[in-house]
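Scroll down for the structure; my scribbles are underneath it.
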Amino acid sequence: MAALARFLVTVLAAALATNVAGAGEVGVNYGRVANDLPDPGAVVNLLKQNGITMVKLYDANPKVLASLANTGIKVMVMLPNEEVAAAAADPAYALRWARASVAAYRPATQIHAVAVGNEVFDSRPDLNAKLVPAMTNVQAALAQLGLADAVKVTTPVAFSAVTDSYPPSSGRFRDDIAQTVMKPMLTFLKRTGSYLTINIYPFLAYADHPDQISLDYALGNANPGERGDATAGLLGAALLENNGVRDDDTGLVYYSLLDAQLDATYYAMDDLGFPSLRAYLGETGHPSGGRRHGGRGRRHLMAGDDDVATVANAHAYINNVINRVLAGNTGTPHRPGADMDVYIFALFNENEKGAGADDVEQHFGLFYPNMQKVYDFDFHHSSGGGGGGSSGGAKASWCAANAAVGDSRLQAALDWACGHGADCSAIQPGAACYEPNTKLAHASYAFNDYYQRKGRASGTCDFSGAAYVVYQAPANTCSAKAASWCVANTAVGDARLQAALDWACGNGADCGAIQPGATCFDPDTKAAHASYAFNSYYQRKGRAAGTCDFAGAASVVYQPPKIGSCVLPSRA
Numbered sequence: 274m275a276a277l278a279r280f281l282v283t284v285l286a287a288a289l290a291t292n293v294a295g296a297g298e299v300g301v302n303y304g305r306v307a308n309d310l311p312d313p314g315a316v317v318n319l320l321k322q323n324g325i326t327m328v329k330l331y332d333a334n335p336k337v338l339a340s341l342a343n344t345g346i347k348v349m350v351m352l353p354n355e356e357v358a359a360a361a362a363d364p365a366y367a368l369r370w371a372r373a374s375v376a377a378y379r380p381a382t383q384i385h386a387v388a389v390g391n392e393v394f395d396s397r398p399d400l401n402a403k404l405v406p407a408m409t410n411v412q413a414a415l416a417q418l419g420l421a422d423a424v425k426v427t428t429p430v431a432f433s434a435v436t437d438s439y440p441p442s443s444g445r446f447r448d449d450i451a452q453t454v455m456k457p458m459l460t461f462l463k464r465t466g467s468y469l470t471i472n473i474y475p476f477l478a479y480a481d482h483p484d485q486i487s488l489d490y491a492l493g494n495a496n497p498g499e500r501g502d503a504t505a506g507l508l509g510a511a512l513l514e515n516n517g518v519r520d521d522d523t524g525l526v527y528y529s530l531l532d533a534q535l536d537a538t539y540y541a542m543d544d545l546g547f548p549s550l551r552a553y554l555g556e557t558g559h560p561s562g563g564r565r566h567g568g569r570g571r572r573h574l575m576a577g578d579d580d581v582a583t584v585a586n587a588h589a590y591i592n593n594v595i596n597r598v599l600a601g602n603t604g605t606p607h608r609p610g611a612d613m614d615v616y617i618f619a620l621f622n623e624n625e626k627g628a629g630a631d632d633v634e635q636h637f638g639l640f641y642p643n644m645q646k647v648y649d650f651d652f653h654h655s656s657g658g659g660g661g662g663s664s665g666g667a668k669a670s671w672c673a674a675n676a677a678v679g680d681s682r683l684q685a686a687l688d689w690a691c692g693h694g695a696d697c698s699a700i701q702p703g704a705a706c707y708e709p710n711t712k713l714a715h716a717s718y719a720f721n722d723y724y725q726r727k728g729r730a731s732g733t734c735d736f737s738g739a740a741y742v743v744y745q746a747p748a749n750t751c752s753a754k755a756a757s758w759c760v761a762n763t764a765v766g767d768a769r770l771q772a773a774l775d776w777a778c779g780n781g782a783d784c785g786a787i788q789p790g791a792t793c794f795d796p797d798t799k800a801a802h803a804s805y806a807f808n809s810y811y812q813r814k815g816r817a818a819g820t821c822d823f824a825g826a827a828s829v830v831y832q833p834p835k836i837g838s839c840v841l842p843s844r845a
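Per our numbering, numbering of the sequence shown is gapless, rising by one per residue and ending at 845.
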């Protein structure tokens, strides 16, 4: 077994060496379809506090752009769909827009890209023929303003533009846009040194086909290249029901649906003759609640325990994406050296999106509108570099087990945590936190102990999706530091109590207080004297696991025992 583990670590380390060739940055989409969001100045402070260095906007709002001045945060602004036709028809219109929305704010506001339209093929197909002309005119306007090198023009394309995406090597653009729009667009992007922007949500594919796609594959939980080290990758491979998906046409194996969908996009670009053009992720995310409105996905998400739109799953997916980008692992099986920027969707939960409060569209945010995190994430660290923990003034947090993964995965993660630094003595039989004796309770204890010992560093509460960070102490949280006592088990009878009592007094217990005339001699019973001796031994041994047993003659309790007027001490 040890030899197998060494072999797997070697293989995973080699995989890491292959994948780190890519590089990129990770940012966020700052949408404002809500009536309860903080003002832009507060939002900019939030971005800076959380190490977020790149944002994509859905317009060119003057107040937002002014607030981003002199921050060093890179900004992608957007020419909205409503203005695409005008920009396509009139170069002068495009110039006025570029001057007012880009040049007016640079260089103080670091605008580095312009998105022309947003998912036009899906939301405004009537603009399909006007999209590339609009991009061309905006780029020409930037060139006229001396900004063509500093500011690139692109357009976000929904993944629905790719058809036949399984297996990935069959990826092609839809017939209605491939030659008429995509090929001219890719030609433009290559000529101007820009990149395709693709929006990909593995969550949607999983919600539509839960019987064909594993949740771990959709979350990217088992791709060792997305972990910061080979050990974590080995843990993922051991824990997760994700053996990868093989593309029989290429022999490539995928452990992440995101990688498969990215490669389907790359193959579609190859098919049109652009094998080296870059593609960036304009949007990717996972909802922390709600349901899809319409279609099979909604029925699946209403099935209760199988609901994929959860805080735990959003935490797993988003952290997998952030960690891989910060570690430089932006390559895919087809393009292992790909350089890719990624924008997480979205910065906030937005309460005016979708069909109502239960719509997943309102639950993609990293933050609530009050600027509290929905779940833990970290844009500061590099997961391959031994990351930083929470500062001394950081908000209190705990690592809790994710019941949704099931007992077998919890047990595997629990075993790993206990073997890699967590102090699990308190959850051994008879110890302070053994009860409740459930996988969930024991795993939460072990995960949290590991997390706290690692300084609450980013990535130390994941266990391949078996855990997530919370900001309120979980109900029934057990602490090994809580007071506990060792008392006699009267069911074993006086003879066994006497034998255990004699052993305790002869092996370290201080039994002076139960001698005739001493403070705890009364009540003069075997049970009372044994309880005193057993508890003395237990406390002197630091309440270590196994020190309150005495061959079944004793047990641990967590309420102060009453033995006449004698008070049994606890070292808590």
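Idealized CB from N, CA, C, for every residue including glycine. Since this is a predicted model, take the numbers as computed values, not measurements.
Check, Outcome
"Reduced DSSP secondary structure (H/G/I, E/B, other) of residue 429", "strand"
"Paired residues, beta bridge with residue 422 - DSSP", "According to DSSP, residue 422 bridges with nothing at all."
"Local conformation of residue 410 per DSSP, three classes", "helix"
"Residue from 837, 689, 550, 642 whose Cα sits closest to the Cα of residue 466", "550"
"Beta carbon of residue 478 nearer than 8 angstroms to that of residue 471", "no"
"Alpha-carbon to alpha-carbon, residue 411 and residue 417", "10 angstroms"
"Residue 591, DSSP secondary structure in three states", "helix"
"Residue 843 versus 341, 804, 456, residue with shortest Cα-Cα distance", "804"
"Euclidean distance between Cα positions of residue 815 and residue 780", "15 angstroms"
"Inside the region 517-575 only - alpha helix (DSSP H) runs reaching at least 4 residues", "530-544, 569-574"
"Three-pair Cβ contact test at 8 angstroms for the region 669-683 versus the region 787-802", "no"
"Pair within 8 angstroms by beta-carbon distance, residue 652 and residue 324", "yes"
"Helix, strand or coil at residue 471 according to DSSP, with G and I counted as helix", "strand"
"Simplified DSSP assignment, three categories, for residue 387", "strand"
"Sub-8 angstroms separation of residue 581 and residue 480 beta-carbons", "yes"
"Residue 828, enclosing alpha helix (DSSP H) - first and last residue", "Premise fails: residue 828 lies in the beta strand (DSSP E), 827-830, not in any alpha helix (DSSP H)."
"Identified DSSP bridge partners for residue 741", "673"
"Min CB distance residue 328 to chain D below 8 angstroms", "Protein chains in the displayed structure number just one, and chain D is not present."
"Residue 446 versus 454, 457, 434, 440, residue with shortest Cα-Cα distance", "434"
"Distance between beta carbons of residue 389 and residue 350, contact taken as under 8 angstroms", "That pair is no contact at about 10 angstroms."
"Test item: CB-CB of residue 493 and residue 529 under 8 angstroms", "yes"
"Buried or exposed (CB count within 10 angstroms, at least 16 for buried), residue 635", "buried"
"Proximity below 8 angstroms, CB of residue 723 to CB of residue 700", "no"
"Cβ-heavy atom distance, residue 648 to the ligand ATP, below 7 angstroms", "With respect to small molecules bound, the structure shown includes none, and the ligand ATP cannot be examined in it."
"C-alpha gap between residue 776 and residue 712, whole angstroms", "34 angstroms"
"Nearest residue (CA-CA) to residue 419, options 428, 379, 523, 347", "379"
"Nearest candidate by alpha-carbon position, reference residue 714, set 824, 674, 820", "674"
"Same chain, Cβ closer than 6 angstroms to residue 368, neighbours up to 5 away in sequence not counted", "414"
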